[in-house]
Amino acid sequence: DTGVSQNPRHKITKRGQNVTFRCDPISEHNRLYWYRQTLGQGPEFLTYFQNEAQLEKSRLLSDRFSAERPKGSFSTLEIQRTEQGDSAMYLCASSLGGGGGEKLFFGSGTQLSVL
Amino acid sequence: QQQVKQSPQSLIVQKGGISIINCAYENTAFDYFPWYQQFPGKGPALLIAIRPDVSEKKEGRFTISFNKSAKQFSLHIMDSQPGDSATYFCAASMMGSWGKLQFGAGTQVVVTP
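For the protein sequence lines, the chains are P and F, in the order given.
Quick note: the first sequence uses my numbering, first residue 1, plus one each step.
Quick note: the second sequence uses my numbering, first residue 116, plus one each step.
Here's what the structure looks like:
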């Protein structure tokens, strides 16, 4: 499977715990995005990387959230001191970038439940 | 504040019928308008996209109609099939940030046999 891979698929945690998600993009893609999706809503942009550089972060991304993409390969999204409001599907997408529009390839997401 | 408003929230169409989903936007800086299809337990997948320099784009049974002056665009699914049952999202983004998409709230489409 050469698509975007996300692990774990599901994560249940208690409020106050830290969690980390991993995303493996399509190998030749230089851009990587994180989105969050709650039930019945469209995905919301969180942050994106071009290679290893984090170029933009949404105002939705509080200080408890941090993302990395070492060496421009896989990426991790960490949430510290989780809150119940963090419960959502966290989606990763990758793309080649380029002009005229940008086709994002999404993974199947990590479903986070904070109890 | 949702920058892209999508309607209807859900629709039921018979096999062979036409599904129509509408979206409206406010930000005139938006320059790229894709539609994504999402099945349960999966991430969204790009279906078709349009830039504002054309008023219509067709790919197979899927057509986007774009009205720049009205700031509206729509997805038409012709000859709807049960396999088209999914949630559809319109989205918009700006030049230079094409991957930073503003999604609509989604339309759940059910195609009955």
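Here a beta-carbon is modelled for each residue, glycine too, at the ideal position from N, C-alpha and C.
This one's a predicted model, so the numbers in the text were calculated from it and none came from an experiment.
Output the distance between the C-alpha atoms of R36(P) and M89(P), rounded to the nearest integer angstrom. Going from the Cα of R36(P) to the Cα of M89(P) covers about 6 Å.
Any residues in the stretch 35-54 of chain P with a beta carbon nearer than 9 Å to a beta carbon of chain F? Which ones, in chain order? If the cut-off is 9 Å between Cβ atoms, the stretch 35-54 of chain P has Y35, Q37, G40, Q41, G42, P43, E44, F45 and Y48 near chain F.
Per DSSP, F212(F) forms a beta bridge with which residues? Looking at the sequence shown, residue 212(F) is not Phe but Ser. S212(F) is bridged by DSSP to M209(F).
When you compare the CB of G101(P) with every CB in chain F, is at least one pair closer than 8 Å? At least one chain F Cβ lies under 8 Å of G101(P).
Give me the Cβ distance between S62(P) and R69(P), rounded to the nearest whole Å; I'm assuming they're in contact under 8 Å. With a beta-carbon spacing of about 19 Å, S62(P) and R69(P) fall beyond the 8 Å limit used to define contacts.
What distance in whole Å lies between the Cβ atoms of R31(P) and G85(P), which are believed to be in contact at a cut-off of 8 Å? At roughly 28 Å, the Cβ-Cβ gap does not stay under 8 Å, so G85(P) and R31(P) are not in contact.
Assign K215(F) to buried or exposed, taking buried as 16 or more other Cβ atoms, counted over all protein chains shown, within 10 Å of its Cβ. The residue is buried, with at least 16 neighbouring Cβ atoms inside 10 Å.
If you run the structure through DSSP and keep just helix, strand and coil, what is Q111(P)? Strand.
Any beta carbon from chain P within less than 8 Å of L162(F)'s own beta carbon? So no, L162(F) is outside the interface.
Any C-beta of chain F sitting closer than 8 Å to the C-beta of Y90(P)? Y90(P) does not count as touching chain F.
Check whether chain F comes within 8 Å of S66(P), counting only Cβ atoms and requiring the distance to be less than that. Not one beta carbon of chain F lies nearer than 8 Å to the beta carbon of S66(P).
Can you tell me where the beta strand (DSSP E) with T178(F) in it begins and where it stops? Counting along the chain, the beta strand (DSSP E) containing T178(F) begins and ends at F177 to N182.
8 Å Cβ cutoff met for D168(F) and M209(F): Taking C-beta atoms as the reference points, D168(F) and M209(F) fail to come closer than 8 Å.
Determine the contact status of C205(F) and F154(F), defining contact as a CB-CB distance below 8 Å. For the 8 Å CB-CB criterion, C205(F) and F154(F) do not form a contact.
Can you check which of these residues, P228(F), I179(F) and G156(F), is closest to I165(F) by C-alpha distance? Closest by C-alpha distance to I165(F), out of P228(F), I179(F) and G156(F), is I179(F).
Three or more beta-carbon pairs under 8 Å between the stretch 186-204 of chain F and the stretch 118-131 of chain F, yes or no? Because the criterion of three Cβ pairs below 8 Å is met, the stretch 186-204 of chain F and the stretch 118-131 of chain F touch.
Within the same chain, show all residues whose beta-carbon is closer than 6 Å to that of K24(P), passing over the 5 residues directly before and after it, in chain order. The residue you asked about is not Lys; residue 24(P) is Asp in the sequence shown. Excluding positions up to five away in sequence, the list reads S5 and F74.
Nearest to R133(F) (by Cα), restricted to the options D199(F), Q117(F) and G221(F): Checking the displayed sequence, the identity of residue 133(F) turns out to be Ile instead of Arg. That would be D199(F), whose Cα lies nearest to the Cα of I133(F).
Work out the CA separation of F106(P) and F21(P) for me, nearest whole Å. Roughly 15 Å separates the two Cα atoms.
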